[in-house]
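Numbering (UniProt numbering), first residue to last: 1 to 227. All C-beta atoms in this analysis are idealised placements derived from N, C-alpha and C, irrespective of residue type, glycine included. None of the values given here were measured: they were computed from a predicted structure.
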DNA sequence: GCGACAG
DNA sequence: ATCTTGTCGC
């Protein structure tokens, strides 16, 4: 797919925060989508995943939204510029992730990111960055808590609890399977939170994590091991 | 002031 | 994220 919108790039952590504060005004936190295809994004690291310069592999796997069958795969290898800093996580994965997206022949109807969107210290996590760059609807699905407070959701698949930050609902804690640890869903761009949760649940018919994330995780990991 | 902190 | 052994359960 074509990605032509330039993304400002920081030279320091302070600049990175400033960029997020500026770009967050462009996020559209509502909308309803019925994508025909959904792409999962993930990045794997070699060696110390926290270091400033480490080899990475980014994967974009497109699934048929109805059957969850794999439609297309794309992988890119690169080098991260930033060390891992909570809150500035996007700057670590974005360049290689964009390369992987460019390798796709068709534009997906939705992008699912491994991490957070609006549930972020500056309300602009990885899923928001990806949404603004591509202009596509995006959601973030994270495996562990980051910001906000929440009550534990009910024990059954589909049970949810609001994720609150300063009294505002910035995401939702969603149980994707009976009795498993819940995932954290937040809006990235052009999708409402209810819709994001509905999509997350549909993408995870059997396991805790959505098929999009599972496929992208495996592909990026395999690519890293191969090189 | 001290700890916690997506991947 | 990545490094790793054994172990519980379908």
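Point to revise | Length-filtered (4 minimum) alpha helix (DSSP H) runs lying within the region 96-167 | key: Taken in chain order, the unbroken stretches of alpha helix (DSSP H) that lie wholly in the region 96-167 and span 4 residues or more are 126-134.
Practice item. Just the C-alpha distance for residue 198 and residue 16, rounded to the nearest angstrom, thanks. Key: Taking the first residue of the first chain as position 1, residue 198 is located at position 198. Taking the first residue of the first chain as position 1, residue 16 is located at position 16. Computed Cα separation, rounded: 32 Å.
Check your understanding: Quick one: what's got a C-beta closer than 8 Å to residue 148's C-beta in the same chain, skipping five residues either side?
Key -> Mapped onto the first chain, residue 148 falls at position 148. Excluding positions up to five away in sequence, the list reads 119, 163, 164, 165, 170, 171.
Exercise for review: Using three-state DSSP, classify residue 17 as helix, strand or coil.
Suggested key: Position 17 of the first chain, counting from 1, holds the residue named residue 17. In the structure shown, residue 17 sits in a helix (DSSP, three-state: H, G or I).
Check your understanding: Quick check: the region 104-114 against the region 209-218, are there 3 or more CB pairs under 8 Å?
Key -> The region 104-114 is in contact with the region 209-218.
Review point. Would you call the region 42-58 and the region 153-163 touching, i.e. three or more CB-CB distances under 8 Å?
Key: Because the criterion of three Cβ pairs below 8 Å is not met, the region 42-58 and the region 153-163 do not touch.
Point to revise | Element boundaries [beta strand (DSSP E), containing residue 201] | key: Walking along the first chain from the start, residue 201 turns up at place 201. Residue 201 -> not in any beta strand (DSSP E); alpha helix (DSSP H) instead, spanning 193-203.
Check your understanding: When the Cα atoms are used, what is the spatial distance from residue 202 to residue 157?
Key -> Position 202 of the first chain, counted from the start, is the residue given in the question as residue 202. Position 157 of the first chain, counted from the start, is the residue given in the question as residue 157. C-alpha of residue 202 to C-alpha of residue 157: approximately 11 Å in a straight line.
Practice item. For the region 79-86 and the region 64-71, state whether three or more C-beta atom pairs, one from each stretch, are separated by less than 8 Å. Key: Judged by Cβ distances under 8 Å, the region 79-86 makes no contact with the region 64-71, as fewer than three pairs qualify.
**Study point:** Residue from 7, 194, 22, 191 with nearest C-alpha to residue 123
**Key:** For the purposes of this step, residue 123 is taken as residue 123 along the first chain, with counting starting at 1. Selected option, being the one with the closest Cα: 22.
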